[in-house]
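In the working numbering, the protein residues as written are 119 to 361.
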């Protein structure tokens, strides 16, 4: 990756932090614009496999050109050899925050279904380009001030061929498909299952699977009858929607 030894980017403060990297608000001094910079955590700078995964996230983001995905501008590394990539700064709220703060599920249903529709359109595009996300959840969905949805954190994303399963546990357990949680298999279908779990939360305000431990969650996935039907949690929902 290109070095930032000339100090092109000014770092202004951390916005968020994940398992692999931190997102920092920055400024491109050459172009005079604000942006977001994701930088590898210092604790991972001597881990080649994590560095490679980080670089792959930037490469995937750079190849996906869609309104629902923040564009990646540049991949580089700082003087301490930590890789970074710059991308569009998205200002807004996470879908997770909006779901938690809503007061009336029925009153906001149309708005939230509109958000979910944008998410589906964005993921349909990503899947058409051979990319699976592997960690779809409300916390990885941003909505800006104009209502535009952007799916974030492609840190676990990977390329896959049609119908191919990728082996390896990744993602957030509460939003995993059974094959992902039980056998570590991910595919386009597991992304779609995760979207279904998000939709369940949109309609009911609850998780589809309520568990205190990972072992308990695996047990629930092994018995599909353990899931309550959404209409039993939301009396204003038509049972036909469940079909």
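We treat Cβ as the ideally placed atom computed from N, Cα and C, and that holds for glycine. This structure is a prediction, so every number in the text was calculated from the model and none was measured.
In chain order, 143 place their CB closer than 6 Å to the CB of residue 131, counting only its own chain and leaving out the 5 sequence neighbours on each side. Inside the stretch 209-249, DSSP marks whole beta strand (DSSP E) runs of 3 or more residues at positions 210-212, from first to last along the chain.
Nearest Cα to residue 331 within the set 292, 308 and 305: 292. Annotation: the continuous beta strand (DSSP E) that includes residue 261 extends over 259-262. If you draw a straight line from the Cα of residue 250 to the Cα of residue 311, it is about 12 Å long. Assignment of residue 309 by DSSP, reduced to helix, strand and coil, places it in the helix class.
Straight-line spacing of the CA atoms in residue 220 and residue 203 works out to 34 Å. If you look at residue 340, you'll find it in the alpha helix (DSSP H) that goes 332-340. Closest in alpha carbon position to residue 309, among 252, 256 and 157, is 252.
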